[in-house]
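Order-wise, the sequence lines are chains A and B.
Here the first sequence is numbered in the numbering used here, starting from 1 and rising by one per residue.
Here the second sequence is numbered in the numbering used here, starting from 1 and rising by one per residue.
C-beta: ideal position from N, C-alpha, C; glycine also.
Number of protein chains: 2
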Amino acid sequence: MGYWLKHIKKLHANGLCPIDICMGSARKQQKIAEREEGLLTQAHELVDQVGFAGLTIDKLVKTATCSKGTIYNHFSSKEDLISALSIRSLNIVIDLFDKAIQFPGNARERALSVIFAYQLYSQLEPTLFMCVMSAKTPAVMEKTSPERLSIMQEKELQLTAVCDQLFESGINEGSLKSEIRTVADLTFAMWALSFGSNALLMNAKAAQGIDRLDQKNALLSNANLMFDGMQWQPLAQDFDYQKTWQRLEVFFAEYIELLPV
Amino acid sequence: MGYWLKHIKKLHANGLCPIDICMGSARKQQKIAEREEGLLTQAHELVDQVGFAGLTIDKLVKTATCSKGTIYNHFSSKEDLISALSIRSLNIVIDLFDKAIQFPGNARERALSVIFAYQLYSQLEPTLFMCVMSAKTPAVMEKTSPERLSIMQEKELQLTAVCDQLFESGINEGSLKSEIRTVADLTFAMWALSFGSNALLMNAKAAQGIDRLDQKNALLSNANLMFDGMQWQPLAQDFDYQKTWQRLEVFFAEYIELLPV
DNA sequence: CGTCAATTTTGACTAATCGTCATTTTAGTA
DNA sequence: TACTAAAATGACGATTAGTCAAAATTGACG
């Protein structure tokens, strides 16, 4: 692999602008970074067209303006490409979370906002959501480059940090007791519930097995169960979180408009 | 594909004995069914040896006593084989759940028993657990035969039925109110939490990212949060579920012995 | 501006793997 | 034993992943 690519691709996946690092070949690096973005976009479109099973590097080469060898300069394998898409996916979630925590309301409402954002993302970008599911699969992980694996881990840390922050603000606010469980435990619970709910919903949608569920409110319902279990004030019986959920639809209106009908 | 195989493999995957259906070629069918079991076992071992990414049909042929064509009579693709392993996996879970609901205790304790069993299984059979994760992945689903897909769906229904039953017995027992949420909603919440927790734990173990968590008690902790949120009596503050968790280790002792140290 | 070394791109090539199917073998039946 | 339906075989064609020697590009420097 080329000298610069080794560095650039990691920098870029992190969202850094390589120009800052070395002025010498700034333009070249920029071009390379842009190409990687383009390749990822094309790969995304390709998956939408032919499915994950139908994704091949040769097909990607056909749509791309560069050659196969160059693609392999960016991604060490097909699975590495999936992981790169997963990282792009995580970046989107991070952006959404950044917006979510700015929702005006008490700490528990802001936590709900994050859960709302996560569901929103899973519906806005089903393919990318599937990418992060796939990237958690051993067959993909085993063939993902170590650099990308560690980037993914770092991104996930960023996401859990947001949750940590929420619970801490709940504790500071006085609405949440910190005696029984650590913040890390609470974050794990919230994360597991969100991930599990969205994964199952996504899958159930494909299998037509969720007639028994009110999908739109499943996440709100689950979140209320969990936060009530944490004794996070105000409890669902004392507060209209349904209304919060509706306010969230307004708060995220610009994204909701993009949802497929 | 051979005439009988078409029927047999579905019957067998369902756990039915083909002998019941037609006496004519009973022995032949039995042999075919046994071979499928053998192939699955060998595939499982192969994955343990070379990883999911290294699993190939050719390697399976080498360890098997039959030819490639015969393997393709059983499994329409490599992905179909993964799904077949996933079904085997689900059968194990079903057996464990059958035992779990016999745990002596109140309804909430029995629900805890099911969650315990699920975690036990994810630790006892990490490879098979990964199979069901992989089988939920689009790349695998897209290449799985429709017959097997519907079997998987059916198996999952069986599992949710166990949860439904638990919540209903809680309602009958009087420890759980049924006004706010349907049993289906509660089952979904419990299922999402269990699946999400185990999936994340499994992944985190690989990524060494759970130093911040007491892994052994994470599931108990999460379950308590959720069941408390359901107002399922007795609440965690009024009952020593830690003790129940320990009793469960005794109840499942024969399986726990098998856990890797 | 031309030269040169360092870097990147290219796509033909190899190796590996999937999945098929014409042929052979087996099992059951009369 | 002869006959037939079903199943097993493995050589084969097709597809795909991933490589690498050679060509092209870049940018630095005299």
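Is there a C-beta anywhere in chain B that falls below 8 Å from the one on residue 189 (chain A)? Working through the first sequence from its first residue, we reach residue 189 (chain A) at position 189. Closer than 8 Å to some Cβ of chain B, the Cβ of residue 189 (chain A) qualifies, so yes.
How about residue 142 (chain B): is its C-beta nearer than 8 Å to some C-beta of chain A? Numbered from 1 along the second sequence, position 142 holds the residue referred to as residue 142 (chain B). Yes, its Cβ sits closer than 8 Å to a Cβ of chain A.
To be precise: take each residue of the region 211 to 226 of chain A, compare its Cβ to all Cβ atoms of chain B, and keep it if any distance is under 8 Å. Which residues remain? If the cut-off is 8 Å between Cβ atoms, the region 211 to 226 of chain A has 212, 213, 214, 218, 221, 222, 224, 225 and 226 near chain B.
Assign residue 240 (chain A) to one of two classes, buried (16 or more other C-beta atoms within 10 Å of its C-beta) or exposed (fewer than that). What you label residue 240 (chain A) is simply residue 240 of the first sequence in a count that begins at 1. Burial call: exposed.
Should residue 118 (chain B) and residue 93 (chain B) be called a contact, given that it needs their Cβ atoms to be closer than 8 Å? Position 118 of the second sequence, counting from 1, holds the residue named residue 118 (chain B). Position 93 of the second sequence, counting from 1, holds the residue named residue 93 (chain B). Between residue 118 (chain B) and residue 93 (chain B), the C-beta spacing is below 8 Å.
At least three beta-carbon pairs within less than 8 Å, the region 137 to 156 of chain B to the region 41 to 58 of chain B: The region 137 to 156 of chain B and the region 41 to 58 of chain B do not touch, with fewer than 3 CB-CB distances between them shorter than 8 Å.
Span of the alpha helix (DSSP H) around residue 245 (chain A): The residue labelled residue 245 (chain A) in the question sits at position 245 within the first sequence. Counting along the chain, the alpha helix (DSSP H) containing residue 245 (chain A) begins and ends at 241 to 251.
Inspect the beta-carbon positions of residue 123 (chain A) and residue 248 (chain A) and report whether they are closer than 8 Å. What you label residue 123 (chain A) is simply residue 123 of the first sequence in a count that begins at 1. What you label residue 248 (chain A) is simply residue 248 of the first sequence in a count that begins at 1. No, the Cβ-Cβ distance between residue 123 (chain A) and residue 248 (chain A) is not below 8 Å.
Straight-line CA distance for residue 277 (chain B) to residue 245 (chain B)? Outside the displayed range of chain B (1 to 261) lies residue 277 (chain B), so it cannot be described from this structure.
In angstroms, rounded to a whole number, what distance separates the CA positions of residue 264 (chain A) and residue 38 (chain A)? No statement about residue 264 (chain A) is possible, as the shown extent of chain A runs from 1 to 261 and does not include it.
Would you identify the three-state DSSP class for residue 232 (chain A), choosing helix, strand or coil? The sequence position of residue 232 (chain A) within the first sequence is 232, counting from 1. Residue 232 (chain A) sits in coil when the DSSP states are folded into three classes, being neither helix nor strand.
Closest Cβ-Cβ distance between residue 229 (chain B) and chain A: below 8 Å? What you label residue 229 (chain B) is simply residue 229 of the second sequence in a count that begins at 1. Yes, contact with chain A.
Return helix, strand or coil for residue 116 (chain B), following the three-state DSSP convention. On the second sequence, position 116 is the one that residue 116 (chain B) refers to. When DSSP states are grouped into helix, strand and coil, residue 116 (chain B) belongs to the helix group.
For residue 71 (chain A), which residues in the same chain have their Cβ closer than 7 Å to its Cβ, ignoring the five residues on either side in sequence? For the purposes of this step, residue 71 (chain A) is taken as residue 71 along the first sequence, with counting starting at 1. Closer than 7 Å at Cβ, skipping near neighbours: 39, 57, 60, 61 and 64.
Kindly list, in the order they appear in chain B, the residues whose Cβ is closer than 9 Å to that of residue 138 (chain A). By 1-based counting over the first sequence, the position of residue 138 (chain A) is 138. Listed along the chain, the chain B residues whose CB falls inside 9 Å of the CB of residue 138 (chain A) are 47, 51, 52, 53, 127, 130, 133, 134 and 206.
By the 10 Å Cβ neighbour count, where 16 or more other Cβ atoms means buried, how is residue 132 (chain B) classified, buried or exposed? Within the second sequence, the letter at position 132 stands for residue 132 (chain B). Label assigned to residue 132 (chain B): buried.
Between the Cα of residue 47 (chain B) and those of B:67, B:86 and B:91, spot the shortest distance and give me the residue it belongs to. Along the second sequence, one-based indexing puts residue 47 (chain B) at 47. Nearest C-alpha to residue 47 (chain B) among B:67, B:86 and B:91: B:86.
Would you check if the region 194 to 203 of chain A and the region 190 to 203 of chain B touch, i.e. whether three or more CB-CB distances between them fall below 8 Å? Contact holds: three or more Cβ-Cβ distances are below 8 Å.
Am I right that residue 107 (chain B) and residue 175 (chain B) are in contact with their C-beta atoms under 8 Å? What's the rounded C-beta distance? Here the question's residue 107 (chain B) lines up with position 107 in the second sequence. Here the question's residue 175 (chain B) lines up with position 175 in the second sequence. Indeed they touch by this definition, with Cβ atoms about 6 Å apart.
Whose C-alpha, out of A:109, A:205, A:238 and A:73, is nearest the C-alpha of residue 130 (chain A)? Position 130 of the first sequence, counting from 1, holds the residue named residue 130 (chain A). Ranking A:109, A:205, A:238 and A:73 by Cα distance to residue 130 (chain A) puts A:205 first.
Need the endpoints of the alpha helix (DSSP H) that residue 89 (chain A) sits in, please. Working through the first sequence from its first residue, we reach residue 89 (chain A) at position 89. Per DSSP, residue 89 (chain A) belongs to the alpha helix (DSSP H) from 78 to 100.
Grab the span of the alpha helix (DSSP H) containing residue 70 (chain B) for me, first residue to last. Position 70 of the second sequence holds residue 70 (chain B). Element bounds for residue 70 (chain B): 68 to 74.
Hey, how far is the Cα of residue 201 (chain A) from the Cα of residue 91 (chain A)? In the first sequence, the residue the question calls residue 201 (chain A) occupies position 201. In the first sequence, the residue the question calls residue 91 (chain A) occupies position 91. Straight-line Cα distance between these residues: approximately 22 Å.
State the start and end residues of the unbroken alpha helix (DSSP H) segment that holds residue 60 (chain A). For the purposes of this step, residue 60 (chain A) is taken as residue 60 along the first sequence, with counting starting at 1. Where residue 60 (chain A) is concerned, the enclosing alpha helix (DSSP H) stretches over 57 to 63.
Under 8 Å, Cβ to Cβ, is there at least one residue of chain B near residue 193 (chain A)? Along the first sequence, read from residue 1 onward, the residue named residue 193 (chain A) stands at position 193. Interface residue (Cβ-Cβ distance to chain B less than 8 Å): residue 193 (chain A) is classified as such.
Which two residues bound the contiguous alpha helix (DSSP H) that contains residue 148 (chain A)? Taking the first sequence and counting its residues from 1, the one referred to as residue 148 (chain A) is at position 148. 146 to 173 is the extent of the alpha helix (DSSP H) around residue 148 (chain A).
Using a C-beta cutoff of 8 Å, does residue 22 (chain A) count as contacting chain B? As a working mapping, residue 22 (chain A) is identified with position 22 in the first sequence. With a pLDDT of 35 at residue 22 (chain A), under the threshold of 50, the modelled position of this residue cannot be trusted; read the value that follows with caution. Output row for residue 22 (chain A): interface = no.
If the cut-off is 7 Å on Cβ atoms, which residues from the region 53 to 67 of chain B count as contacting chain A, listed in chain order? Taking 7 Å as the cut-off between beta carbons, the residues of the region 53 to 67 of chain B near chain A are 53, in sequence order.
Contacting residues, own chain, Cβ-Cβ under 8 Å from residue 178 (chain B) (five flanking each side not counted): Mapped onto the second sequence, residue 178 (chain B) falls at position 178. Taken in chain order, the residues that qualify are 171.
Select from B:29, B:153 and B:44 the residue whose C-alpha is nearest the C-alpha of residue 81 (chain B). As a first step, residue 81 (chain B) is located in the second sequence; it is residue number 81 there, counting from the start. That would be B:44, whose Cα lies nearest to the Cα of residue 81 (chain B).
With 8 Å set as the bound, which would you pick, yes or no: does the beta-carbon of residue 267 (chain B) sit closer than that to a beta-carbon of chain A? Residue 267 (chain B) lies beyond the range of chain B shown here (1 to 261); nothing can be said about it.
Can you list the residues of chain A that residue 181 (chain B) reaches, using a CB-CB cut of under 7 Å? As a working mapping, residue 181 (chain B) is identified with position 181 in the second sequence. Think of a sphere of 7 Å around the beta carbon of residue 181 (chain B): the chain A residues whose beta carbon falls inside it are 221, in chain order.
Is it buried or exposed for residue 199 (chain A), if we count other Cβ within 10 angstroms and need 16 for buried? As a working note, residue 199 (chain A) is residue 199 in the first sequence. The residue is buried, with at least 16 neighbouring Cβ atoms inside 10 Å.
Neighbourhood of residue 251 (chain A) by C-beta distance below 6 Å, restricted to the same chain and skipping five residues each side: Sequence index remark: in the first sequence, residue 251 (chain A) carries index 251 (1-based). Cβ neighbours of residue 251 (chain A) beyond the five flanking positions: 103.
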